[in-house]
Amino acid sequence: MSDLTAIGKFKGKLSHIRRTSDKKALADKILSLPSDKNYKKCIDPFLSALRDNGHAHVADVFTTRSNEGLLTDSEYELLSDKQRILCDYIDPDCGIVSSLASNGVFTTSDETRISAHKTANQKVEQIIKILLCKSKSSYQRFFDSLQENDQAHVTYILTGCGNPPISEADLKLIRNKRQYVCQTMDSIYSPLLSALLRLGVFTEYDRQRVEAKANVNPERSEQILDILARKSKRHFDNFIRALNETDQKHVADLLRNDLSVTGTVNVIFSQVPSSEQEQQSVEEKLKTSLERDLENEESEFSKELDAIGIHDTDVWSGSIVIRFKFLSRETLDAMQSGKLDVVFTERYCTLLADDGVVSIHIDIPEAELERCRQLIDNREAVIKPDHQKALKLAARIVDKVTVDEPLLKELVSSNHYRNVILQQSSEDKAKVLLEIMDRRPDHEFNHFVNVLRTQHDIAADSSVGKNSCSFIEVAYKMQVINNKLVSHEFSVLNVFLWH
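The number in our numbering is simply the position in the sequence shown, starting from 1, with 73 added.
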């Protein structure tokens, strides 16, 4: 806009143009060139301003009387119609803005307008707004930049070709388990980032974005999940693989989406319907209402299911059969206790009261419940919050502990983690040991405590060694701290050494 001030006829009305907020009205005012003898004085500087500001395709319309350089109506409508979903799946901080600038699509001014926004969705919205004003060739180069920056899943959204983005079910899973993943995933002492790079989940640029965060696991984990949420389904699957390959099965298990049961909806009438057609009519009415409720995530019924822990459902044709997908043992127990019957009955009995419906029962085969129970039993449990708290309290007084290789062989099963700890300075070995244990599965914490308890038992012998003495000194200090802690923290400290 500032370049137009050099054009005499624009200079006087530029302030009036700037006050126009509507995009179409703004364009109309800018294009209101004088039609008299001053036209020739204005048009050449005006076209130069267009070309200098990334709008050569618009200038070409004046000089060639052709709109071939402009976006087609279908391309414009596609970008406009897909804007909402693109805001959810394009990663504006993956390097794509710089790539578009390098490829001549974006100007420095465009980059500034995008970077002025704080949230990812706002940045993407600005990217789309700018692209809608660009040329047809810029639109094609946008697809090239998506490929260059590991955003090919966005191409799938626009064309249907390539790898689809991460599914809504997986995104919901990440949202539901985000807190637990951030509390238990290790990206500092484990080789997770290297595995993500090797498996093609992250680009080198992604890795640097994570490492630029403070050397604190929760902050890095937040960044990893933010990047992952704007990747493809293939990236998500390889992320789970990377967790398993870096000895973090307990975290991968949090994001497993393999728990589901199939339930048949049985309508209970106050008296037997007079005909099969009457019963089918009632069931069809129920099915229609049920599908409408499940399609709307904001419906009270969907929220009730979400409160139980059911994160996804599918309604099958024929009889009313529903597949319930869930994540935890608590949800399994709730379904087995009849909680679904209560939710369905409360929602639909009033609706179908005039049809004689008194209750609704969800029949789930015991074999399916048992299968899910076995899957849950085979998962590695993450460390319990009380155990994490015990480790944090122990960190206050761990300076007296001497950690060496023989002790680590008893405490830590992973060769990788043992080597990481041994590479630390003498002052930091015990500190890093506790930080690692803070993100290990709960059964490893229990083993850790049992080894410490054994050290305590050995200390009663006169032949006690240096390390054992150190642990007893820690135990003594713990008892001193205990006297200053509330009863809950007292029990937590006892878990640490006297479990």
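Positions of the beta carbon are idealized from the N, C-alpha and C atoms, including for glycine. In this text, all values refer to a predicted model and were calculated from it rather than measured experimentally.
Legend entry - Sequence-distant residues of the same chain with beta carbon closer than 6 Å to SER263, five excluded per side: Cβ within range, chain order: THR319.
Inset, instruction - Pull up the CB-CB distance for PRO238 and LYS306, whole angstroms please, since I reckon it's below 8 Å. - result: About 7 Å separates the beta carbons of PRO238 and LYS306, which is inside the 8 Å limit, making them a contact pair.
Inset, instruction - Return helix, strand or coil for VAL471, following the three-state DSSP convention. - result: DSSP places VAL471 in helix when its eight states are reduced to three.
Inset, instruction - Give a yes or no on whether 8 Å exceeds the smallest Cβ distance from TYR490 to chain B. - result: Protein chain content of the structure displayed is limited to a single chain, and chain B is not contained in it.
Legend entry - Anticipated Cβ contact below 8 Å, ARG314 with LEU272, distance rounded: Confirmed, Cβ separation roughly 6 Å.
Legend entry - Limits of the unbroken beta strand (DSSP E) element including SER486: Segment: none, SER486 is in no beta strand (DSSP E) and carries neither H nor E.
Legend entry - Touching by the beta-carbon criterion (3+ pairs, under 8 Å), the segment 202 to 218 and the segment 293 to 304: They do not touch, by the three-pair rule.
Inset, instruction - Assign LYS482 to one of two classes, buried (16 or more other C-beta atoms within 10 Å of its C-beta) or exposed (fewer than that). - result: Exposed, since its Cβ has fewer than 16 Cβ neighbours within 10 Å.
Legend entry - PRO514 beta carbon less than 8 Å from that of HIS323: Taking 8 Å as the Cβ cut-off, HIS323 and PRO514 qualify as a contacting pair.
Legend entry - Close Cβ partners of ILE261 (< 7 Å) along its chain, the five nearest in sequence each way excluded: ASN288, ASN290, ARG293.
Legend entry - Chain-order list of residues whose beta-carbon lies under 6 Å from that of ALA193 (same chain, five-residue window excluded): Within the same chain, ALA193 has close Cβ partners PRO165.
Inset, instruction - Compute the Euclidean distance between the alpha carbons of SER267 and ILE341, then round it to the nearest angstrom. - result: One C-alpha to the other measures close to 57 Å.
Legend entry - Cβ neighbours of LEU269 in the same chain (closer than 6 Å, five flanking residues each side left out): Only PHE275, ALA315 meet the Cβ criterion.
Inset, instruction - Answer with buried or exposed for GLN345, where buried requires no fewer than 16 other C-beta atoms within 10 angstroms of its C-beta. - result: Checking the sequence, you will find Val at residue 345 rather than Gln. Its Cβ having fewer than 16 others within 10 Å, VAL345 is exposed.
Legend entry - Same chain, Cβ closer than 6 Å to LYS550, five either side skipped, listed in chain order: The pLDDT assigned to LYS550 is 48, lower than 50, so where the model puts this residue is not dependable, and the model offers no usable value.
Legend entry - According to DSSP, residues forming a beta bridge with ILE201: DSSP, once it has assigned bridges, lists no residue as partnering ILE201.
Inset, instruction - Please look up how many angstroms separate the CB atoms of LYS502 and ILE494, rounded, as I've assumed it's under 8 Å. - result: Indeed they touch by this definition, with Cβ atoms about 6 Å apart.
Inset, instruction - Label LYS376 either buried or exposed according to how many other C-beta atoms from any shown protein chain fall within 10 Å of its C-beta, with 16 as the threshold for buried. - result: In this structure LYS376 is exposed. Its beta-carbon is surrounded by fewer than 16 other beta-carbon atoms within 10 angstroms.
Inset, instruction - Assign ALA407 to one of two classes, buried (16 or more other C-beta atoms within 10 Å of its C-beta) or exposed (fewer than that). - result: With 16 or more Cβ atoms within 10 Å of its Cβ, ALA407 is classed as buried.
Inset, instruction - Please state if the CB of LEU442 and the CB of GLN409 are separated by a distance shorter than 8 Å. - result: Yes.
Legend entry - ILE437 versus VAL334: straight-line alpha-carbon distance, rounded: Rounded to the nearest angstrom, the two C-alpha atoms are 7 Å apart.
Inset, instruction - For SER354, name the three-state secondary structure that DSSP assigns. - result: Reduced to three states, the DSSP call for SER354 is helix.
Inset, instruction - Using beta-carbon positions only, say whether VAL431 and SER347 come within less than 8 Å of one another. - result: No, Cβ-Cβ distance for VAL431 and SER347 is not below 8 Å.
Inset, instruction - Round the Cβ separation of LYS360 and ILE383 to the nearest angstrom and send it over; I've been treating them as touching at under 8 Å. - result: Actually they do not touch by this definition, with Cβ atoms about 18 Å apart.
Inset, instruction - Report the three-state DSSP secondary structure of VAL274 (helix, strand or coil). - result: Note: VAL274 maps to coil in three-state DSSP.
Legend entry - Anticipated Cβ contact below 8 Å, SER218 with ILE169, distance rounded: That belief holds up - the Cβ atoms of SER218 and ILE169 are roughly 5 Å apart, short of 8 Å.
Legend entry - Separation of ILE435 from ARG396, as counted between CA atoms: Cα to Cα, the separation comes out at about 11 Å.
Inset, instruction - Measure the CB-CB distance between ILE456 and PHE518 and report whether it falls below 8 Å. - result: A contact, by the Cβ cut-off of 8 Å.
Inset, instruction - Rank ILE158, GLU368, ASN451, PHE179 by C-alpha distance to the C-alpha of SER208 and give the top, closest one. - result: The closest CA to that of SER208, considering only ILE158, GLU368, ASN451, PHE179, is found on PHE179.
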